[in-house]
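Input: a single structure, listed below in structure tokens.
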Amino acid sequence: MLALALSLALGASGLALQDTATLRQRLDPGTYAALLPVMEAARRDALPLRALEAKALEGAAKRRPGVEIVAAVTQLAADLKAARELLGGSAAGPRPADGDVVAAAEALRRGVPPQEIAELRRATPPATQLDVPLVVLGALVERGIPAAEARRVLEHLLAAGVPAGRLVDIPARVDIALRVGAPPVPALHSALQGLGIPVPPGKLRPGPPRKPGRPPPGPPEPAMAR
Amino acid sequence: MKNPMPPEREPLSRYLDGELDYAALPDDLKSEADRFERIVRALRDDPYGTPRNVRDAVMTRVRAATVSPWRRAWQWARTPKTLRLSPLTGALALAAALAILVVARSGNVAGSPELPEPAGAQRATTRFVLVAPQAGTVAITGDFVNWDPQGVPLRSRGDGVWTVDVPLEPGVHHYVFIVDGTKWQPDPNAAMQVDDGFGQRNSVIVVPGATRS
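In order, the protein sequences belong to chains A and B.
Residue numbers for the first sequence follow our numbering, so the first one is 1 and each next one is one higher.
Residue numbers for the second sequence follow our numbering, so the first one is 1001 and each next one is one higher.
Laid out in structure tokens, this is it:
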């Protein structure tokens, strides 16, 4: 009887206990106390709590000051809320998958305009998982490819049934083309051809020249899932 | 204090200590040695002098009455018991049970980092590689190990190349390498990196194959 009562009680509040136990252990008490209202608001808004918890733990692992950790988590919560609205979810209605929300928030931070995220969601069937496409979209925009063009290409590839495992390879292939001097959009075209992915119909707009700044990341081979 | 042994009986003492063979004993001490041996044998065989037939009969009855531990446990479990607890003891027991459950549910929150569970149907073993010839140690940490500050150690191949295989769930994961315990750096081989919100960059790896929850 006692065990049953305990399991029922923990079942109801288990998420809260699970979420906060690790935070309490890894954060100093002041930071932990400052984070609790942020986490509680996120819980009310049905945001992906695991992502917020991970950001706090990341800050603690990197020995960032508590004020920075709270700021980073608060910013992420705002990004997640905006991302979820773009993907068509609300706390009351059917929610988009947590992975999609996290990926959309990341795409926003990488400079993808909100309307392109919303358009990608609108243009794909509701059951289509968007976490990988959104991460790739952010990576392409970061490489100077116009967001509308990158989104159009990804929409086409999803409609054609190109698996997520192949989409992941596109940014590294774009990097190869960029390194030999190709402008961003032709670099995307070249990447698709190199991967044997059919290039979507329609004229590819070349887009603006790539801004100087951080060079495309290193060698072409990404860490591979095998 | 040790009793002094007369010199002529010293060989007997050495025989009893196992330092001298029986054959080396003087003849006048051999009979004494024989007497000692008989006493020792008698004590070893049956210290209580119980007749063998009686002892065998008793042991046969005892063996026949032996109940297996499982049977005893089952009988104990089936027998109704009255548990008497004071309110204080009951509250303490409840608190202890709660604490155990909370710790069990909170997973690995302390101690050495653990890799995610071995690759199953939903996990993909992912190999991470870093070329760092000058490094003494290399580890990897990320959201898949709750950003453990120690990270998961990479193994050196001996030629400056460090590797580790990590089973990852499908989805998007952020990670960095920790070189020599202090230098946090993104993966130079990763095709994607993102701002970490703390002024540095994380590497991103995507494991395809997630199913919608």
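In this text, a Cβ means the ideal position worked out from N, Cα and C, and glycines have one as well.
Check	Outcome
At 4 residues or longer, and completely inside the stretch 118 to 175 of chain A: list those alpha helix (DSSP H) runs for me, N to C.	131 to 142, 147 to 159 and 164 to 167
Look up residue 1137(B) in the DSSP assignment and say whether it is helix, strand or coil.	coil
Assign residue 1074(B) to buried or exposed, taking buried as 16 or more other Cβ atoms, counted over all protein chains shown, within 10 Å of its Cβ.	exposed
Taking Cβ-Cβ distances shorter than 7 Å, what residues in chain C pair up with residue 1198(B)?	The structure shown contains no chain C; its protein chains are A and B.
Are the C-beta atoms of residue 1106(B) and some chain A residue less than 8 Å apart?	With a pLDDT of only 45 at residue 1106(B), under the threshold of 50, the placement of this residue in the model should not be trusted; the figure read from the coordinates follows. Yes, contact with chain A.
Bridge partners for residue 1128(B) per DSSP, in chain order?	1164(B)
So with Cβ pairs under 8 Å, would you call residue 116(A) a contact of chain B?	no
When you compare the CB of residue 1171(B) with every CB in chain A, is at least one pair closer than 8 Å?	yes
With the cut-off set at 8 Å, would you say residue 108(A) and residue 82(A) are in Cβ contact?	yes
Between the Cα of residue 1138(B) and the Cα atoms of 1125(B), 1146(B), 1157(B) and 1124(B), which residue gives the shortest distance?	1157(B)
Whether or not the stretch 56 to 76 of chain A and the stretch 1197 to 1205 of chain B are in contact is what I'm after, with contact meaning three or more pairs of Cβ atoms, one per stretch, closer than 8 Å; do they touch?	yes
Given a threshold of 16 other Cβ atoms within 10 Å of its Cβ, counted over all protein chains shown, does residue 55(A) qualify as buried or as exposed?	buried
If contact means a Cβ-Cβ distance below 8 Å, which residues of the stretch 171 to 196 of chain A contact chain B?	171, 172 and 175
Going by the CB atoms, is the gap between residue 155(A) and residue 123(A) shorter than 8 Å?	yes
When DSSP labels each residue in this structure, what does residue 1013(B) get in the three-state scheme?	helix
Ignore the nearest five residues each way along the sequence and tell me which others in residue 96(A)'s own chain have a CB closer than 7 Å to its CB.	84, 87, 88 and 89
Counting beta carbon pairs with one atom in the stretch 1124 to 1144 of chain B and one in the stretch 18 to 35 of chain A, are three or more of them shorter than 8 Å?	no
Pick from 1134(B), 1168(B) and 1179(B): whose alpha carbon is nearest that of residue 1151(B)?	1179(B)
Going by C-alpha to C-alpha distance, which of 1035(B), 1093(B) and 1196(B) sits closest to residue 1147(B)?	1196(B)
Within the 8 Å Cβ cut-off, does residue 1184(B) reach chain A?	yes
Taking 7 Å as the cut-off, is the CB of residue 62(A) close to at least one heavy atom of the ligand SAM?	Questions concerning the ligand SAM fall outside what the structure shown contains, since it holds no ligand whatsoever.
Are the C-beta of residue 80(A) and some C-beta of chain B separated by less than 8 Å?	no
Would you check if the stretch 1129 to 1138 of chain B and the stretch 1165 to 1173 of chain B touch, i.e. whether three or more CB-CB distances between them fall below 8 Å?	no
For the stretch 126 to 151 of chain A, list every residue whose C-beta sits within 7 Å of some C-beta in chain B, in sequence order.	127, 129, 131, 132, 135 and 139
Give the residues from the stretch 1143 to 1170 of chain B that approach chain A closer than 8 Å (Cβ to any Cβ), ordered along the chain.	1143, 1146, 1147, 1148, 1149 and 1168
DSSP on residue 1205(B), reduced to helix/strand/coil?	strand
Considering only DSSP beta bridges, list what residue 1183(B) is partnered with.	1179(B)
For the beta strand (DSSP E) holding residue 1122(B), just list the boundary residues, first then last.	No beta strand (DSSP E) holds residue 1122(B); DSSP gives it neither H nor E.
Got a sec: is the Cβ-Cβ distance from residue 29(A) to anything in chain B below 8 Å?	no
Below 7 Å on C-beta distance, what does residue 163(A) contact in chain B?	1208
If you compare alpha carbons, which of 67(A), 43(A) and 160(A) is closest to residue 27(A)?	67(A)
Would you verify that the beta carbon of residue 1204(B) is, or is not, closer than 8 Å to some beta carbon of chain A?	yes
Closest to residue 192(A) by C-alpha separation, out of 181(A), 183(A) and 153(A), would be which residue?	153(A)
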